[in-house]
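For reference, the structure discussed in these notes is given below.
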Amino acid sequence: MLIRIGLAPLERLTRAMTTIDLLKPGPRLAATGHGEIAELITTFNSMIDRLEAERGSSTARALSAQEAERRRVAQELHDEVGQSLTAVLLELKRFADQVPASMRDELLQVQEITRSTLDEIRRIARRLRPGVLEELGLVSALKALAAEFSEHADLVVGRSLDKNLPELDAETELVVYRIAQEGLTNTVRHAHASEVDIVLRALTDGVELRVRDNGRGLGTSVEGAGIRGMRERALLVGAELTVASLPKRGTEIRLVVGHTGGRR
651 MLIRIGLAPL
661 ERLTRAMTTI
671 DLLKPGPRLA
681 ATGHGEIAEL
691 ITTFNSMIDR
701 LEAERGSSTA
711 RALSAQEAER
721 RRVAQELHDE
731 VGQSLTAVLL
741 ELKRFADQVP
751 ASMRDELLQV
761 QEITRSTLDE
771 IRRIARRLRP
781 GVLEELGLVS
791 ALKALAAEFS
801 EHADLVVGRS
811 LDKNLPELDA
821 ETELVVYRIA
831 QEGLTNTVRH
841 AHASEVDIVL
851 RALTDGVELR
861 VRDNGRGLGT
871 SVEGAGIRGM
881 RERALLVGAE
891 LTVASLPKRG
901 TEIRLVVGHT
911 GGRR
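What follows is the structure in structure tokens.
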């Protein structure tokens with residue numbers, strides 16, 4: 651009995667070592683026990699602190715580089731491909747006015763395909779670089795996001811967006827937007843849902859985002875790259891992300907962001 655009591659802190663340390671996930675921070679182990687056991691637990695806690703800090707720093711650099719690349723690609727799609735297709739449309743219109751009537755219908759069909767392609771490229775560019783977020787703020791950006799998914803996916807997107815939000819800095823607004831975007835994308839790809847709701851509301855000391863669908867839920871599947879990417883973004887601004895799923899009741903993604911100040 652005495653040996654079991656003495657080794658209990660070591661058993662807790664062993665369980666922590668096998669279950670710890672740097673994307674889901676939790677409380678540190680109490681440095682209980684005698685002599686070297688307490689010292690070992692303290693060393694383990696220090697190691698986890700260092701690993702979480704290093705992961706946070708590397709994640710910040712990676713996400714910053716990713717956003718910069720998205721902006722570059724979106725700009726090139728808009729400036730290069732978009733302008734080229736616009737020029738093609740103008741030429742097609744000019745030719746449509748000159749060709750015989752027998753060829754006009756076919757030319758108009760090509761013109762319509764080109765116009766649809768241009769609209770799709772513009773839509774992709776907006777997803778890569780949400781200009782409305784920078785220009786009009788988070789609420790307007792989420793409205794535009796919901797409208798886009800409603801239009802292009804077989805999905806009813808409801809929204810309840812509180813306009814009286816505390817001020818958030820640009821990085822935090824981008825995190826909230828990207829998590830909402832990824833949540834909607836996951837719903838379209840995997841949930842087999844017919845409805846999804848976006849809720850953004852002010853808290854006493856921050857904001858809360860919820861993306862909730864009526865799909866099949868996660869079941870026994872493990873978290874994929876999409877959810878883990880959301881967790882990384884949440885940790886970047888010190889936010890809390892939870893993913894709840896029940897059979898036949900869909901999935902809910904909940905993000906709680908503390909008050910960070912800055913631009914809104």
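Just so we're aligned: the sequence shown equals residues 651 to 914 in the numbering used here.
Just so it is clear, CB atoms sit at the ideal spot from N, CA and C, and this is done for glycine as well.
The structure displayed is predicted, hence computed values, not measured ones.
Contact set for residue i: own chain, Cβ-Cβ below 6 Å, skip 5 residues either direction
| i | result |
| --- | --- |
| Ala658 | none |
| Glu832 | Gly876, Met880 |
Per DSSP, the bridge partner or partners of residue i
| i | result |
| --- | --- |
| Leu788 | Paired residues: none, contrary to the question. |
| Glu890 | Val906 |
| Ser917 | Outside the displayed span of the chain (651 to 914) sits residue 917, for which this structure offers no information. |
| Arg862 | Asp847, Glu902 |
| Val738 | Answer is none; Val738 lacks a bridge partner. |
| Val857 | Ala852, Val907 |
For residue j and residue i, believed in contact at Cβ under 8 Å, the rounded distance
| i | j | result |
| --- | --- | --- |
| Thr901 | Asp863 | 6 Å |
| Leu673 | Phe694 | Contact flag wrong, Cβ pair sits at about 18 Å. |
| Leu859 | Leu905 | 4 Å |
First through last residue of the beta strand (DSSP E) which encompasses residue i
| i | result |
| --- | --- |
| Gly808 | 806-811 |
Contact set for residue i: own chain, Cβ-Cβ below 8 Å, skip 5 residues either direction
| i | result |
| --- | --- |
| Arg913 | With a pLDDT of 37 at Arg913, under the threshold of 50, the predicted position of this residue should be treated as unreliable, though the coordinate-derived value follows. Within the same chain, Arg913 has close Cβ partners Glu817, Leu818, Asp819, Ala820, Glu823. |
| Thr837 | Leu805, Ala843, Val846, Val861, Asp863, Gly865, Thr901 |
| Leu713 | Glu882, Arg883, Leu886 |
| Tyr827 | Pro780, Leu783, Leu788, Ala791, Leu792, Leu795 |
Beta-carbon proximity list for residue i, same chain, < 7 Å, skipping 5 on both sides
| i | result |
| --- | --- |
| Asp769 | none |
| Gly911 | In this prediction, Gly911 has a pLDDT of 44, which is less than 50 and means its spatial position is unreliable; nothing more can be read from the coordinates. |
| Val738 | Thr764 |
Residue i - containing alpha helix (DSSP H), residue span
| i | result |
| --- | --- |
| Ala724 | 686-726 |
| Leu757 | 751-778 |
In chain order, each beta strand (DSSP E) run of at least 3 residues that lies wholly inside the region 815-854: 845-853
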